[in-house]
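Participant:
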Amino acid sequence: MPVRIAHISDTHLGTRFREGIKQNMWAEEMRSRLLENDFYERFREMFEIIATMDPPVDLVVHSGDLYDTPTANNSRPPPEMARIVTQTALKGFIENTGIPILIIEGNHGLFRSYELSLLETLKIAIPGLEVFTQVDLKRAMQEGTPLKKEYDNFEVFCFPFIGYDILESSNHVTVYNDWVTNCQVPNSKLPSVAVAHGMGAD
């Protein structure tokens, strides 16, 4: 049976120009707000388009960097509007279509000092939303279990972002590779999809 999946990535909601001294602060601020609002409008538009697809998709996947901040170099949380737009768009889509959404964590949107993911709050607020975070990845590696979501006629293996430097500094590079080889093993009876947010430099 064919499986239809809509794939989204790197929406970076809440994107603003980097802070600093500028020649014309007012003009830069206006440009920044226009850019930020454009990201919100396109995000809403994507889900409106996906909702009208015929035949409908079985799943919507977002493969990381839902929000632009926080990051390793910027601890600022995303603007409140970014959170509002995200929650209303995702919740409305699921309620209106019944199509599930799966999001994995990228290298943006994570308070690294606390290992706190903004995706967790979304999961609590939106029934039908599945999220997989860096903490979930570490737990799966520790327990030697797969990190996946099974649906009726297919399964999705998830690879949230984890920095190579984190693996290397904790001597876990081999552990990670072994986990991928031994635990993220597809079921031969079901179509399988892998969703990853890469480890390369951002």
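Residue numbers (the numbering used here): -17 to 184.
Where is the CB? At the ideal position from N, CA and C, for every residue including glycine.
Just so it is clear, the structure is predicted and the values come from calculations on it, not from any experiment.
(1) With which residues is residue 140 paired in a DSSP beta bridge?
(2) Run through DSSP, which three-state label would residue 9 get?
(3) Between which two residues does the alpha helix (DSSP H) harbouring residue 149 extend?
(4) To the nearest angstrom, report how far apart residue 8 and residue 66 are at their CA atoms.
(5) Taking only the alpha-carbon atoms, compute the straight-line gap between residue 91 and residue 180 and give it to the nearest angstrom.
(6) Is residue 158 helix, strand or coil when you go by DSSP?
(7) Can the beta-carbon of residue 98 be found less than 8 Å from the beta-carbon of residue 137?
(8) Pick out whichever of 132, 178, 72, 58 has its Cα sitting closest to the Cα of residue 106.
(9) Based on DSSP bridge pairs, tell me the residues matched to residue 132.
(10) Quick check on the DSSP output: the beta strand (DSSP E) that includes residue 113 runs from which residue to which?
(11) Count the other CB atoms, across all protein chains shown, that sit within 10 Å of the CB of residue -6; report buried if there are 16 or more and exposed otherwise.
(12) Alpha carbon to alpha carbon, how far is residue 164 from residue 184? Give it in angstroms, no decimals.
(13) For residue 51 and residue -4, which I take to be in contact (beta-carbon distance under 8 Å), what is that distance rounded to the nearest angstrom?
(14) Quick one: give me the first and last residue of the beta strand (DSSP E) that residue 48 is part of.
(15) Using beta-carbon positions only, say whether residue 114 and residue 87 come within less than 8 Å of one another.
(16) From the DSSP output, in three-state form, read off residue 108 for me.
(17) Run through the DSSP bridge pairs and tell me what residue 93 is partnered with.
(18) Output the boundary residues of the beta strand (DSSP E) element that contains residue -12.
(19) On the DSSP letters alone, give me the boundaries of the alpha helix (DSSP H) that residue 66 sits inside.
(20) Rounded to a whole number of angstroms, what is the C-alpha to C-alpha distance between residue 37 and residue 83?
Facilitator: Reading from the atomic positions:
(1) DSSP lists 177 as the bridge partner or partners of residue 140.
(2) Only weak support is given to the placement of residue 9: the predicted model assigns it a pLDDT of 49, under 50, and the value that follows is read from those uncertain coordinates. If DSSP states are grouped into helix, strand and coil, residue 9 belongs with the helices.
(3) Where residue 149 is concerned, the enclosing alpha helix (DSSP H) stretches over 146 to 151.
(4) The predicted position of residue 8 is uncertain, since its pLDDT is 45 and thus under 50; a value taken from the coordinates is nonetheless stated next. For residue 8 and residue 66, the distance between alpha carbons rounds to 25 Å.
(5) Straight-line Cα distance between these residues: approximately 15 Å.
(6) Residue 158 falls in the helix class under three-state DSSP.
(7) No, Cβ-Cβ distance for residue 98 and residue 137 is not below 8 Å.
(8) If we check each option's Cα against that of residue 106, 72 comes out closest.
(9) Note: residue 132 is bridge-paired with 137 in the DSSP secondary-structure output.
(10) Element bounds for residue 113: 111 to 114.
(11) Buried.
(12) Residue placement at residue 184 is poorly supported in this model, since its pLDDT is 34, which falls under 50; the coordinates are not used for a value here.
(13) About 6 Å separates the two Cβ atoms, so the contact holds.
(14) Neither: residue 48 is in no beta strand (DSSP E) and is coded neither H nor E.
(15) Going by C-beta atoms, residue 114 is nearer than 8 Å to residue 87.
(16) Looking at residue 108 - three-state DSSP - the assignment turns out to be coil, as it is neither helix nor strand.
(17) DSSP, once it has assigned bridges, lists 98 as partnering residue 93.
(18) Its beta strand (DSSP E) spans residues -13 to -10.
(19) 62 to 79 is the extent of the alpha helix (DSSP H) around residue 66.
(20) Rounded to whole angstroms, residue 37 to residue 83 spans 17 Å at the Cα level.
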